[in-house]
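For reference, the structure is listed below as structure tokens.
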Amino acid sequence: MKSIAILTSGGDSPGMNTAIRAAAKYAFSKGVKVFGIRRGYTGMLNDDIFEIEPKDVSGIIDRGGTMLLTARCMEFHEAKHRQIAADNLRKREIEGVVVIGGDGSYRGAKNLSDEHPDIKIVGIPGTIDNDIAGTDNTIGFDTALNTVLEAIAKIRDTATSHERTYFLEVMGRGSGELALYSCLAGGGDGLFIPEKGFAMNDLADVINTRRKKGKLSDLVIISEGTGSATEIAERLKNKINSSVRVTILGHVQRGGSPSAMDRILATKLGAFAIEELINGKDGIMVGIESNKLTTYPLSYSWENKKVIDDKDYELAITLAK
Ligand code: ADP
Numbered sequence: 060m061k062s063i064a065i066l067t068s069g070g071d072s073p074g075m076n077t078a079i080r081a082a083a084k085y086a087f088s089k090g091v092k093v094f095g096i097r098r099g100y101t102g103m104l105n106d107d108i109f110e111i112e113p114k115d116v117s118g119i120i121d122r123g124g125t126m127l128l129t130a131r132c133m134e135f136h137e138a139k140h141r142q143i144a145a146d147n148l149r150k151r152e153i154e155g156v157v158v159i160g161g162d163g164s165y166r167g168a169k170n171l172s173d174e175h176p177d178i179k180i181v182g183i184p185g186t187i188d189n190d191i192a193g194t195d196n197t198i199g200f201d202t203a204l205n206t207v208l209e210a211i212a213k214i215r216d217t218a219t220s221h222e223r224t225y226f227l228e229v230m231g232r233g234s235g236e237l238a239l240y241s242c243l244a245g246g247g248d249g250l251f252i253p254e255k256g257f258a259m260n261d262l263a264d265v266i267n268t269r270r271k272k273g274k275l276s277d278l279v280i281i282s283e284g285t286g287s288a289t290e291i292a293e294r295l296k297n298k299i300n301s302s303v304r305v306t307i308l309g310h311v312q313r314g315g316s317p318s319a320m321d322r323i324l325a326t327k328l329g330a331f332a333i334e335e336l337i338n339g340k341d342g343i344m345v346g347i348e349s350n351k352l353t354t355y356p357l358s359y360s361w362e363n364k365k366v367i368d369d370k371d372y373e374l375a376i377t378l379a380k
């Protein structure tokens with residue numbers, strides 16, 4: 060393989076730059092030329108493609124966001140536009156593409172690779188949601204988790220000073236992973252995730268009983284996929300004997316310098332993706348399960364839903380009470 064290209068697509072996540080750096084440097088070490096595609100599939104379609112040189116990936120290992128920029132591209136849903144995108148790759152003799160993103164980006168990648176078998180594609184899971192089956196963690200999840208933990212510590216200070224109950228909404232679209240592990244690691248006093256719904260229907264009683272025993276504040280964690288924290292707080296506030304506040308963390312969870320765990324994950328997966336391309340693999344995603352590098356067909360990511368670990372969930376609920 061003489062030339063490959065890298066793009067980041069869909070929602071950004073901390074560690075995408077680390078993965079770009081690792082993939083590019085690993086490719087250089089194998090004598091492979093590397094191109095960057097700006098704004099995901101939009102750049103592939105609009106021919107916004109440039110050659111990446113070693114200096115371009117120097118100093119980005121610890122930078123949040125993505126130097127390649129990211130976007131959503133509606134045109135890419137149509138085969139005629141994917142044809143133009145494929146031709147833009149061909150004219151530079153690009154034979155392999157590394158797609159860093161979520162399962163939406165993988166769907167686009169799969170269509171491109173099915174229609175244009177001369178272009179090989181490997182996906183790297185990059186999203187803070189940790190919602191991709193076939194890998195224990197996605198790039199950005201650990202950093203986002205640490206961001207939530209910092210926020211929890213700060214909110215708890217003010218919550219305790221005013222003896223309030225806080226409802227904290229964290230990101231996660233349809234996935235409760237970020238909320239669950241924020242609750243476990245941050246000592247949440249209540250948890251709602253989309254996979255389990257409103258399992259804590261006795262939450263108001265639990266909070267009131269705890270308060271009688273001397274607890275000064277509560278911090279209930281809500282995954283955005285369960286519903287809005289504002290609405291949930293509104294429903295419960297008349298049953299709770301303390302004053303209630305809501306904090307929606309929002310996009311702060313997407314930014315920041317990647318954590319050590321995310322940098323290691325991104326570095327290993329970036330290099331592995333290139334290795335697999337050089338070995339002729341196509342239409343696959345790379346991941347790490349139980350500390351072992353793994354590959355699955357891209358379709359595995361949407362044909363299988365990442366399952367919440369029931370034991371971890373039960374533990375979070377037990378300790379939240
Ligand atoms: P994520 O990768 O974070 O899940 P999206 O679901 O927004 O993000 O998908 C990112 C991009 O992938 C879309 O904007 C589109 O360009 C492309 N894409 C998603 N689904 C398809 C599909 N079925 N066919 C072609 N391209 C797709």
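Sequential numbering from 60 applies to the sequence shown in my numbering.
In this text, a Cβ means the ideal position worked out from N, Cα and C, and glycines have one as well.
Distance between L171 and I178, taken at the CA atoms: about 8 Å. In this chain, the alpha helix (DSSP H) harbouring F200 covers 200-221. Inclusion of Y100 in the 7 Å shell around the ligand ADP follows from its C-beta lying nearer than that to a non-hydrogen atom of the ligand.
Secondary-structure assignment with DSSP links P184 through a beta bridge to G160.
At the C-beta level, E112 and F94 stay beyond 8 Å of one another. Under the DSSP assignment, K351 falls in the beta strand (DSSP E) whose first and last residues are 351-356.
Beta-bridge pairing by DSSP links E228 to I281, I307. About 5 Å separates the CB atoms of V157 and A82; that is less than 8 Å, so the two are in contact. By the C-beta density criterion, D248 is buried, having at least 16 other C-beta atoms within 10 angstroms.
The C-alpha of K380 lies about 6 Å from the C-alpha of V265.
Nearest C-alpha to N363 among D190, I79, K61: D190. For N170, the CB falls within less than 7 Å of some heavy atom of the ligand ADP. Between the alpha carbons of I96 and D261 lies a gap of roughly 51 Å. In the DSSP secondary-structure assignment, I252 is bridged to G256. Collapsing the DSSP output to three states places S360 in a helix. One Cα belongs to E134, the other to V181, and the distance between them is close to 21 Å. Counting C-beta atoms within 10 angstroms of its own C-beta, D188 has 16 or more neighbours from the protein chains shown and is therefore classed as buried.
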